[in-house]
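Q: Numbering-wise, our numbering puts 80 at position 80 of the sequence shown, and it's gapless, one number per residue. In this text, a Cβ means the ideal position worked out from N, Cα and C, and glycines have one as well. Remember, predicted model here, so these are calculated numbers, not experimental data.
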Amino acid sequence: ATVKRPKNDDDSLIPLINIVFLMLIFFIVAGQIQPSDGAKVEPANSISEAELAPERLKIVITEDDQLFIDGAQVPQEAFARHLSDYLETLSSEQKENAAVVIKADGNLSVDHMQGYVKTIKTSGIAHISLMTQPSE
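1) So for leucine 90, helix, strand or coil by DSSP?
2) Distance, Cα to Cα, glycine 124 vs valine 100?
3) Near alanine 44, what residues of its chain come up, given a Cβ to Cβ distance below 6 Å and the 5 sequence neighbours on each side ignored?
4) Taking the C-alpha atoms as reference points, what is the distance between alanine 39 and phenylalanine 68?
5) According to the neighbour-count rule (16 or more other Cβ atoms, all chains shown, within 10 Å of its Cβ), is lysine 118 buried or exposed?
6) Taking the alpha carbon of phenylalanine 79 as the point to measure from, which residue in Ser91, Asn97, Thr89 and Gln66 has its own alpha carbon closest?
7) Just reading off the alpha helix (DSSP H) that lysine 58 is part of, what are its end residues?
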């Protein structure tokens with residue numbers, strides 16, 4: 001005589017548990033992906049909490065004056081040309097609202113920073129934001 005084992009109701013939950021864990025792993029990985037700045041920069045501290053414009057050009061400036069535009073390293077001599085090339089890709093309406101976000105190292109000298117801001121303004125971009133980190 002054969003003995004029948006009762007059907008285990010937990011067997012039907014295993015595929016569901018597998019799917020839940022796969023989704024969990026997906027969202028953990030997808031939530032961490034961000035474009036690289038090109039260089040590690042420690043921004044200055046600030047108490048401002050203003051939001052940044054969504055459509056903007058991101059400029060990273062390291063302590064030793066290396067420039068990165070949207071993650072790509074750019075020589076200082078070509079900075080103004082890259083800004084004008086960026087403006088040429090925009091429509092006339094987008095040019096009026098063109099925005100730049102500068103993420104500069106907190107140890108960058110003010111004189112150098114003023115030079116970069118002047119170059120950006122000269123190129124025709126009026127909206128300039130400085131990315132900072134919250135002060136502790």
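A: Taking the definition as stated:
1) coil
2) 11 Å
3) Gly106 and Thr132
4) 8 Å
5) exposed
6) Gln66
7) It is not in any alpha helix (DSSP H) - lysine 58 instead sits in the beta strand (DSSP E) that spans 57-61.
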